[in-house]
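Trainee: Got a structure here, written out as structure tokens. Questions coming.
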Amino acid sequence: MPDEENSEDTYDVGYGKPPKHTQWQKGQSGNPSGKKKKEQSLFDELKKLSAKEIVVQQNGVSVMMTQGKAMLTAALNKAMNGDLGSIKFIYQNLEIAEAGLSETKVPALTEDLLSVLETHADWVGVVESARTELAETAGNQEEEGDEDAAF
Numbered sequence: 001m002p003d004e005e006n007s008e009d010t011y012d013v014g015y016g017k018p019p020k021h022t023q024w025q026k027g028q029s030g031n032p033s034g035k036k037k038k039e040q041s042l043f044d045e046l047k048k049l050s051a052k053e054i055v056v057q058q059n060g061v062s063v064m065m066t067q068g069k070a071m072l073t074a075a076l077n078k079a080m081n082g083d084l085g086s087i088k089f090i091y092q093n094l095e096i097a098e099a100g101l102s103e104t105k106v107p108a109l110t111e112d113l114l115s116v117l118e119t120h121a122d123w124v125g126v127v128e129s130a131r132t133e134l135a136e137t138a139g140n141q142e143e144e145g146d147e148d149a150a151f
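Last residue of the sequence shown: number 151 in our numbering, and the count goes up by one each step with no gaps.
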């Protein structure tokens, strides 16, 4: 009888000890469907699609280019032929690109900003005069120290 109680068939079920038949079997995943993949945004999908390379005919010659470049080339060709929608598209995108790269944003000078700048300039003047005084004081102390050493 004691051998039967200590055998592998008997198993104490309790906190942290689930029944054997409900435990994961060897090789069985606890999450069989896996982690859900994050859905790509529309922008990410568009970027991915526009990066694919395709063959395009230009002046009777086959040329490899990305779909994005082919789309821009087509829009530019339409704009050159007078398509107003394409002209507007090209103009707006060139304007955005130039604004982002070439212009530096300068805040408008208001009375409040001017008073802040004046206060800053006053403090810079105070700091500079304090540095000058400190340098002169340190120079005078060195000279006085040299005179004492001569005697």
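Every residue, glycine too, gets a C-beta built ideally from N, C-alpha and C.
For K47, which of Q67, V63 and V55 has the nearest alpha-carbon?
Mentor: For the residues Q67, V63 and V55, the minimum Cα distance to K47 belongs to Q67.
Trainee: Measuring CB to CB, does A70 end up less than 8 Å from I54?
Mentor: Cβ atoms of A70 and I54: closer than 8 Å.
Trainee: Since E53 is in the beta strand (DSSP E), which residue starts that stretch and which ends it?
Mentor: It spans E53 to Q58 - the beta strand (DSSP E) in which E53 sits, taken as one unbroken run.
Trainee: Quick check: the Cα distance between S41 and Q23, rounded to an integer number of angstroms?
Mentor: The alpha-carbon atoms of S41 and Q23 are separated by roughly 39 Å.
Trainee: Quick check on T119: does DSSP put it in helix, strand or coil?
Mentor: Three-state DSSP puts T119 in a helix.
Trainee: Could you give the distance in angstroms between the alpha-carbon of D83 and the alpha-carbon of Q58?
Mentor: Roughly 20 Å between the two C-alpha positions.
Trainee: Could you work out which residue in M65, N140, K78 and G60 is closest to S50 when comparing CA atoms only?
Mentor: Closest option to S50, Cα to Cα, is M65.
Trainee: Does the separation of the CB atoms of A75 and S86 fall below 8 Å?
Mentor: Yes, they are a contact pair.
Trainee: By the three-class DSSP mapping on this structure, what secondary structure does V124 have?
Mentor: DSSP places V124 in helix when its eight states are reduced to three.
Trainee: On the DSSP letters alone, give me the boundaries of the beta strand (DSSP E) that S62 sits inside.
Mentor: Segment V61 to T66, the beta strand (DSSP E) holding S62.
Trainee: Indicate the three-state DSSP secondary structure (helix, strand or coil) for K78 in the structure shown.
Mentor: Of the three classes helix, strand and coil, the one that applies to K78 here is helix, per DSSP.
Trainee: How long is the line joining the alpha carbons of N31 and F43, rounded to whole angstroms?
Mentor: Taking the straight line from one Cα to the other gives about 31 Å.
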